[in-house]
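When you read off a place in the sequence shown, starting at 1, and then add 6, the result is the number in the working numbering.
All residues carry an ideal CB built from backbone N, CA and C; glycine is no exception.
Encoded as structure tokens, the structure appears first; notes follow it.
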Amino acid sequence: MRHPEYQYLDLLEQVLDRGDQRLDRTGVGTRSVFGALVRFDLSDGTVPVLTTKRVYWKLAVKEMLWFLTGGTNIQPLLRENVRIWTDWPLAAYRRATGEDISQEAFERRIVEDDAFAARWGELGPVYGKQWRRWLGVDGAEHDQIAALVKTLRENPASRRMLFHAWNVGELAGMALPPCHMVYQYHVTSDGRLNCLLYQRSADLLLGAPFNFVGAAALQLMLAQQAGLRPGELVWVGGDVHLYLNHVEQAREQLAREPRPFPRMTLARHARSIDDYRIEDFVLEDYAPHPPIKADVAV
Ligand SMILES: Nc1nc(=O)c2c([nH]1)NC[C@@H]1CN(c3ccc(C(=O)N[C@@H](CCC(=O)O)C(=O)O)cc3)CN21
Ligand SMILES: O=c1ccn([C@H]2C[C@H](O)[C@@H](COP(=O)(O)O)O2)c(=O)[nH]1
């Protein structure tokens, strides 16, 4: 069988060679295709951590754990050395104050100064808020994750097992509207948990590899909580794009041959979906090609 990573590489090549080129919100410019689907089989213990470049999988898992806490402030992320969300609050701070603060100084202040973090580290009602505390028209806060775990346990044949982050009424307050916005689950008759993730917008070089890892890690946690085994991860992308300043990096990655996907396991049985820590995630046999550096478009 052809290595499953070729689904990603083929998509990358397609976007690179045949993507529609235009200017995007960030001003960087992209080439994009609209509508793509890749699927990864997790039932053999492997996870789609790409091997044609080193993916910092712990950052992606830590980000997923942060979403699960319901948090929307970057302070706990920075305390875990995850810097992938700093650019947006940093840009807002520079715009508002006119201060030419460095990223390092800004991050240090967020970590050390709680009042500063509360004022400048907030991303608005992004993923965590919507997943754990979606404010309904009934005035109640809805914990979509807890409800999902309950249904996975009690009614796994349900076709209503999903959570959603696209809360229309709260989009304006978000630093960025959700990209990976709907996660739907499906349980097979023999107890495998499948996931379908719909991502409306995908930065193919930097974002998508993280999103695969986050979704896979979540699938492992949910499967464990519901007494199921991981099944397939199906990823659907809407606007799937390559930033024009990532073209050289894409060519370099396309010249490499995939190596076997690593295996991910959970080191212990956590008491609840809220009880996982980064130390619980064990990745084995990950021997990727070297990292490929790229700037993120803000
Ligand atoms: N343009 C863009 N692309 C994204 O992927 C993205 C956004 N914006 N905005 C919100 C979040 C932040 N995400 C990010 C941001 C940065 C990296 C990144 O720079 N990754 C590097 C390593 C980062 C590090 O070592 O700290 C990589 O090589 O994967 C990845 C995902 C995903 N999302
Ligand atoms: O998890 C994520 C978060 C963000 N992205 C990318 C996709 C786009 O390049 C930008 C968001 O910009 P929009 O103008 O809001 O589409 O971030 C990602 O790939 N994965």
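Problem set entry | Any heavy atom of ligand 2 within less than 6 angstroms of residue CB: hits in chain order | Cβ atoms closer than 6 angstroms to ligand 2 belong to ARG31, LEU182, PRO183, CYS185, HIS186, SER207, ALA208, ASP209, GLY213, ALA214, ASN217.
Exercise. Do you know how far the Cα of TYR133 is from the Cα of GLY175?
Worked result: The residue given as residue 175 occupies position 169 in the sequence shown. The residue given as residue 133 occupies position 127 in the sequence shown. Near 14 angstroms, if we compare the C-alpha coordinates of TYR133 and GLY175.
Exercise. Taking just the CA atoms, how far does ASP291 sit from MET7?
Worked result: Along the sequence shown, one-based indexing puts residue 7 at 1. Along the sequence shown, one-based indexing puts residue 291 at 285. If you take the alpha carbons of MET7 and ASP291, they lie about 20 angstroms apart.
Exercise. CA-CA distance, VAL39 and VAL21?
Worked result: Residue 39 sits at position 33 when you count from the first residue of the sequence shown. Residue 21 sits at position 15 when you count from the first residue of the sequence shown. Taking the straight line joining both Cα atoms gives about 6 angstroms.
For this session: Leaving out five residues on either side along the sequence, give the residues of the same chain with a beta carbon under 6 angstroms from the beta carbon of GLN190.
Result: Translated into positions along the sequence shown, residue 190 becomes position 184. For GLN190, where only same-chain residues beyond five positions count, the Cβ hits under 6 angstroms are LEU168, LEU202.
Exercise. Any idea what DSSP makes of ALA146, helix, strand or coil?
Worked result: Taking the sequence shown and counting its residues from 1, the one referred to as residue 146 is at position 140. Of the three classes helix, strand and coil, the one that applies to ALA146 here is coil, per DSSP.
For this session: Examine the Cβ distances between the region 259-271 and the region 281-296 and report whether three or more of them are shorter than 8 angstroms.
Result: Yes, the region 259-271 touches the region 281-296.
Problem set entry | For GLU290: DSSP bridge partner residues | Indexing the sequence shown from 1 puts residue 290 at position 284. Within the DSSP secondary-structure output, GLU290 pairs in a beta bridge with ARG269.
Exercise. In angstroms, rounded to a whole number, what distance separates the CA positions of THR75 and ASP280?
Worked result: Residue numbering aside, residue 75 sits at position 69 when the sequence shown is read from its first letter. Residue numbering aside, residue 280 sits at position 274 when the sequence shown is read from its first letter. The straight-line gap from Cα to Cα measures roughly 7 angstroms.
Exercise. Is the distance from the Cβ of LEU248 to the Cβ of LEU210 below 7 angstroms?
Worked result: Numbered from 1 along the sequence shown, position 242 holds the residue referred to as residue 248. Numbered from 1 along the sequence shown, position 204 holds the residue referred to as residue 210. In this structure, LEU210 lies closer than 7 angstroms to LEU248 by Cβ.
Problem set entry | For ALA98, three-class secondary structure by DSSP | In the sequence shown, counting from the first residue as 1, residue 98 sits at position 92. Looking at ALA98 - three-state DSSP - the assignment turns out to be helix.
Exercise. Which term fits GLN205, buried or exposed, when burial requires 16 or more other beta carbons within 10 angstroms of its beta carbon?
Worked result: Along the sequence shown, read from residue 1 onward, the residue named residue 205 stands at position 199. Counting every other CB atom within 10 Å of its CB across the protein chains shown gives GLN205 a total of 16 or more, marking it as buried.
Problem set entry | CB contact flag (THR58, ARG283, <7 angstroms) | Counting from one through the sequence shown, the residue named residue 58 turns up at place 52. Counting from one through the sequence shown, the residue named residue 283 turns up at place 277. Going by C-beta atoms, THR58 is not nearer than 7 angstroms to ARG283.
For this session: Whole angstroms is fine: what's the gap from ASP93's alpha carbon to GLY51's?
Result: One-based indexing of the sequence shown puts residue 93 at position 87. One-based indexing of the sequence shown puts residue 51 at position 45. Per the coordinates, the alpha-carbon of ASP93 lies some 34 angstroms from the alpha-carbon of GLY51.
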